[in-house]
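Undergrad: First the structure, then my questions, so here it is.
Number of protein chains: 2
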Amino acid sequence: MLETYILEQLAAFAEYGTLSKAAEKLHISQPALSRSMKKLEDELGITLFVRNKSKIELNETGLVAAECAKNLIAQNKAMIERIISFDRSLHSIVLGSCTTYPITALMPILQQHFGGMSITSEMAYTETLVNGLKDGRYDIIVLNEPCEDEEIFCQRFIDERIDLAAPQNHPLAQKSEVSFADMAGENILLLANIGFWFDVCKDNIPNGKYLPQHERNAFDELVGATDFLCFSSDRMRKAGYIRDDRVIVPITDDAAKATYYIACLDRKKKEYSAFFSSVRESAMNDL
Amino acid sequence: MLETYILEQLAAFAEYGTLSKAAEKLHISQPALSRSMKKLEDELGITLFVRNKSKIELNETGLVAAECAKNLIAQNKAMIERIISFDRSLHSIVLGSCTTYPITALMPILQQHFGGMSITSEMAYTETLVNGLKDGRYDIIVLNEPCEDEEIFCQRFIDERIDLAAPQNHPLAQKSEVSFADMAGENILLLANIGFWFDVCKDNIPNGKYLPQHERNAFDELVGATDFLCFSSDRMRKAGYIRDDRVIVPITDDAAKATYYIACLDRKKKEYSAFFSSVRESAMNDL
DNA sequence: CACAATTACGAGGGTCGTAAAAATG
DNA sequence: CATTTTTACGACCCTCGTAATTGTG
């Protein structure tokens, strides 16, 4: 069995061509490397180099050996990577969601159940979420559509609805209800990173002129300072996010209503059963 | 990067369950192994074991790490195997042949061209020979049929013909020529290990009763002592293998005639070009 | 009390670096 | 004469073994 350090040295020599350069890159002295290579040949009982008095090169077998060595080094690194990332996955929960609200709703519950672990959240589309769940990239995901995959355990979570938040003096503010079609061509303020909701808007409002804001503060300022349309989620209002300067007008389209589903890998169902109970309970309270 | 010796130690512990047993198998002391495992955890910055006061076990990550370690050890061994066998292949010529005569004919020529190398020969069927040539298991092969594969350089070598060698008092000894069909049901002495010729006999002589002999001496004795049929090759007679107590009767079937083809990998054609020249020359002389 | 793991300490092997020599272009 | 490799020698790191300690079934 060959030790890893000697494989690294061989690979370095193969890469840099001379013992001196390779030794420099390896942060060892040249004689040390010279000896190592000799030792390697001894251990294999094979000649790997052609030695002229002031030049040393890999022979045919040496080239093969160097290839093998590089290979094994790469796999050694991959192994370490795999072990560490596996360990990290044991000590962290990654939540993937199709939009923001479920994240804010679930975070406290996650904290409560997995206090010792690091909890991360990410937003993505259904396909990415589902694949990520199978890959182990996500532990729990929230979709805006049910998932039938048999590897995946999926249960209904909560609903969210978005309404129009129109400026007081905007014509649409007078109406008792509106449709996306009514907003055609309007300037629309949006928070960036609202996941699938952005697509809902783009798909349903013809020629909408979107002004996505990456910062909450900027968005809030602009809502106050302009007469541009924006949206308000029933969930966010229930959570206390209310503005007096805007008129809430219900949107009639079905696309303005979403139902969220929370899912995990079926084989990890038991691991998360207590958490799922809390989620159900919390959803009941928030009806 | 993890050194190989420590991976071996981890794998041994995973296999034997306790430090003591693993240490014994590794021929090191238990404290040494204990320290190594701690060092491994330090290097990875990860806990791999659950330590009760008088018991140590792999945790979940540790199990993964042990799997990885076994993997890498296997690959390390495979690497060494590959390097050594590659080196051996550089210092040896392996001749594969469909039958014996080409081997005896080519050996002296191989010796002459590759004096320093170890030269080995084997018998096999066409498919094995061709695949082996591609695999690197054989360097040169002799087939009893041409090969069209484009990776393979193939040239006609020599012909061989087998005749009936009938005992003086056998009815077939009176004939000027015979066919395989005439030998139906007869007892037939054969040398074992004559490659495809055995199949030629079995395929063409209905109900032949074969008495394959694994030793040349035993075969020769039986040829002298019995009235069983046997065969004689024109090549072998030319090489001086002649018996007065047998009558040579030509066999009319085409199957009794073979043409040999000698082949190497097309990309190694140049390496063997001098050898191939000698082979051609020798074949001309032996016509 | 046998067995398992850890801690402590000292020994030895092996790799390393420095210095010097030899060879090449 | 700069560059490269090899040899020689001594130092240090690191793994190892022995012995002792603690804890468990």
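So the protein sequences, as listed, match chains D and X. The opening residue of the first sequence carries number 1 in my numbering; numbering runs sequentially from there. The opening residue of the second sequence carries number 1001 in my numbering; numbering runs sequentially from there. Positions of the beta carbon are idealized from the N, C-alpha and C atoms, including for glycine.
#1: I want to verify the contact list: residues of chain D whose CB lies under 7 Å from the CB of ALA1065/X, in sequence order.
#2: Under the three-state reduction of DSSP, which class applies to SER1034/X: helix, strand or coil?
#3: Output the residue ranges of the beta strand (DSSP E) runs that lie fully inside the region 1120-1161 of chain X and measure 3 residues or longer, sorted by chain position.
#4: With DSSP collapsed to three states, give me the class of THR1259/X.
#5: Between the region 186-193 of chain D and the region 234-249 of chain D, do three or more beta carbon pairs fall short of 8 Å?
#6: Would you give the residue range spanned by the beta strand (DSSP E) that SER1054/X belongs to?
#7: Can you tell me which residues form a DSSP beta bridge with ASN187/D?
#8: For GLU1122/X, tell me which candidate among GLY1096/X, GLY1132/X, MET1107/X has the shortest Cα-Cα distance.
#9: Would you say ILE291/D and SER176/D are within 9 Å of each other, going by their C-beta atoms?
#10: At a CB distance below 8 Å, what residues from the region 1212-1240 of chain X approach chain D? Give them in sequence order.
#11: Out of MET1236/X, LYS1257/X, ILE1084/X, which one is the CA nearest neighbour of ASP42/D?
#12: Among the candidates ASN1144/X, ALA1165/X, ALA1166/X, LEU1133/X, whose CA atom is the shortest distance from the CA of GLU1150/X?
#13: Find the nearest neighbour of GLY195/D within the set ALA218/D, PHE219/D, THR99/D, judged by alpha-carbon distance.
#14: Between LEU90/D and THR1061/X, how many whole angstroms is the CB-CB distance? I'm expecting something under 8 Å.
#15: Bridge partners for SER1277/X per DSSP, in chain order?
#16: By DSSP, does ARG246/D sit in helix, in strand, or in coil?
#17: What does TYR5/D reach in chain X if we use C-beta pairs closer than 8 Å?
#18: Just curious, the alpha helix (DSSP H) that PHE1231/X is in, first and last residue?
#19: Opposite ALA1166/X in the DSSP bridges: which residues?
#20: In the structure shown, what three-state DSSP assignment does LEU1044/X receive?
#21: In three-state terms, what does DSSP make of GLY1096/X?
#22: Kindly indicate which residue of GLU281/D, PRO146/D, LYS238/D has the alpha-carbon position closest to the one of ILE162/D.
#23: Can you list the residues of chain D that LYS1070/X reaches, using a CB-CB cut of under 8 Å?
#24: Return the CA-CA distance between CYS68/D and ALA12/D, expressed in angstroms with no decimal places.
#25: When burial is assigned at 16 or more other CB atoms within 10 Å of the CB, is LEU1287/X buried or exposed?
#26: Mind pulling the chain X residues with CB within less than 8 Å of ILE80/D?
#27: Helix, strand or coil: which one does DSSP assign to PHE85/D?
#28: Is ASP1227/X near ASN1169/X, with beta carbons less than 9 Å apart?
#29: Report yes or no: do three or more beta-carbon pairs, one from the region 1198-1212 of chain X and one from the region 1269-1276 of chain X, lie closer than 8 Å?
#30: If you follow the alpha helix (DSSP H) that ARG216/D is in, where does it begin and where does it stop?
#31: Could you tell me if ALA258/D is buried or exposed, where buried requires 16 or more neighbouring beta carbons within 10 angstroms of its beta carbon?
#32: What span of residues does the alpha helix (DSSP H) with TYR1241/X cover, start to end?
#33: Measuring only the C-alpha atoms, how far is TYR1016/X from ILE1006/X?
#34: What residues from the region 113-127 of chain D come within 8 Å of chain X, judged by C-beta to C-beta, listed N to C?
#35: The alpha helix (DSSP H) spanning VAL1200/X covers which residue range?
#36: Could you pull out every residue in the same chain whose Cβ sits closer than 7 Å to the Cβ of PHE219/D, ignoring the five residues on either side in sequence?
TA: Let me lay it out:
#1: In the second sequence, counting from the first residue as 1, residue 1065/X sits at position 65. Residues of chain D passing the Cβ test: ILE83.
#2: Position 34 of the second sequence, counting from 1, holds the residue named residue 1034/X. Looking at SER1034/X - three-state DSSP - the assignment turns out to be helix.
#3: 1140-1143
#4: If you number the second sequence from 1, residue 1259/X lands on position 259. Three-state result, THR1259/X: strand.
#5: no
#6: One-based indexing of the second sequence puts residue 1054/X at position 54. Element bounds for SER1054/X: n/a, residue is neither H nor E.
#7: For the purposes of this step, residue 187/D is taken as residue 187 along the first sequence, with counting starting at 1. Beta-bridge pairing links ASN187/D to LYS209/D.
#8: In the second sequence, counting from the first residue as 1, residue 1122/X sits at position 122. Of the listed residues, the one whose Cα sits closest to GLU1122/X is GLY1096/X.
#9: This structure cannot speak to residue 291/D, because chain D is shown only from 1 to 287.
#10: none
#11: Mapped onto the first sequence, residue 42/D falls at position 42. Nearest C-alpha to ASP42/D: ILE1084/X.
#12: Reading the second sequence from its first residue, position 150 is the one you call residue 1150/X. If we check each option's Cα against that of GLU1150/X, LEU1133/X comes out closest.
#13: By one-based count along the first sequence, residue 195/D stands at place 195. Nearest option by C-alpha distance: THR99/D.
#14: Against the first sequence, residue 90/D aligns to sequence position 90. Against the second sequence, residue 1061/X aligns to sequence position 61. The pair is a contact, with the Cβ atoms about 6 Å apart (cut-off 8 Å).
#15: Residue mapping note: residue 1277/X aligns to position 277 of the second sequence, counting from 1. SER1277/X is not bridged to any residue.
#16: Mapped onto the first sequence, residue 246/D falls at position 246. In this structure, ARG246/D counts as strand in the three-state DSSP scheme.
#17: Counting from one through the first sequence, the residue named residue 5/D turns up at place 5. Neighbours of TYR5/D on chain X, chain order: MET1001, GLU1003.
#18: For this step, residue 1231/X is matched to residue 231 along the second sequence. Counting along the chain, PHE1231/X falls outside any alpha helix (DSSP H), though it belongs to the beta strand (DSSP E) covering 1230-1233.
#19: The count along the second sequence starts at 1 and reaches residue 1166/X at position 166. Answer is VAL1247/X.
#20: Here residue 1044/X corresponds to residue number 44 of the second sequence, with the count starting at 1. Here LEU1044/X sits in helix by DSSP.
#21: Along the second sequence, read from residue 1 onward, the residue named residue 1096/X stands at position 96. In this structure, GLY1096/X counts as strand in the three-state DSSP scheme.
#22: Residue numbering aside, residue 162/D sits at position 162 when the first sequence is read from its first letter. Ranking GLU281/D, PRO146/D, LYS238/D by Cα distance to ILE162/D puts LYS238/D first.
#23: In the second sequence, counting from the first residue as 1, residue 1070/X sits at position 70. The contacting residues do not exist; LYS1070/X stays about 11 Å from chain D at best.
#24: Looking up residue 68/D in the first sequence gives position 68. Looking up residue 12/D in the first sequence gives position 12. Using only the alpha carbons, I get a separation of about 13 Å.
#25: The sequence position of residue 1287/X within the second sequence is 287, counting from 1. LEU1287/X comes out exposed.
#26: Taking the first residue of the first sequence as 1, we reach residue 80/D at position 80. Within chain X, the residues near ILE80/D are MET1001, LEU1002, LEU1044.
#27: For this step, residue 85/D is matched to residue 85 along the first sequence. According to the sequence displayed, residue 85/D carries Ser and not Phe. Looking at SER85/D - three-state DSSP - the assignment turns out to be helix.
#28: On the second sequence, position 227 is the one that residue 1227/X refers to. On the second sequence, position 169 is the one that residue 1169/X refers to. Contact flag set, yes.
#29: no
#30: Position 216 of the first sequence, counting from 1, holds the residue named residue 216/D. Note, ARG216/D: alpha helix (DSSP H), 216-225.
#31: The residue labelled residue 258/D in the question sits at position 258 within the first sequence. The residue in question, ALA258/D, is buried, as its Cβ has 16 or more Cβ neighbours within 10 Å.
#32: Taking the first residue of the second sequence as position 1, residue 1241/X is located at position 241. Neither: TYR1241/X is in no alpha helix (DSSP H) and is coded neither H nor E.
#33: Looking up residue 1016/X in the second sequence gives position 16. Looking up residue 1006/X in the second sequence gives position 6. Using only the alpha carbons, I get a separation of about 15 Å.
#34: none
#35: Translated into the one-based positions of the second sequence, residue 1200/X becomes position 200. Its alpha helix (DSSP H) spans residues 1196-1204.
#36: Indexing the first sequence from 1 puts residue 219/D at position 219. Closer than 7 Å at Cβ, skipping near neighbours: LEU189, LEU191, GLN213.
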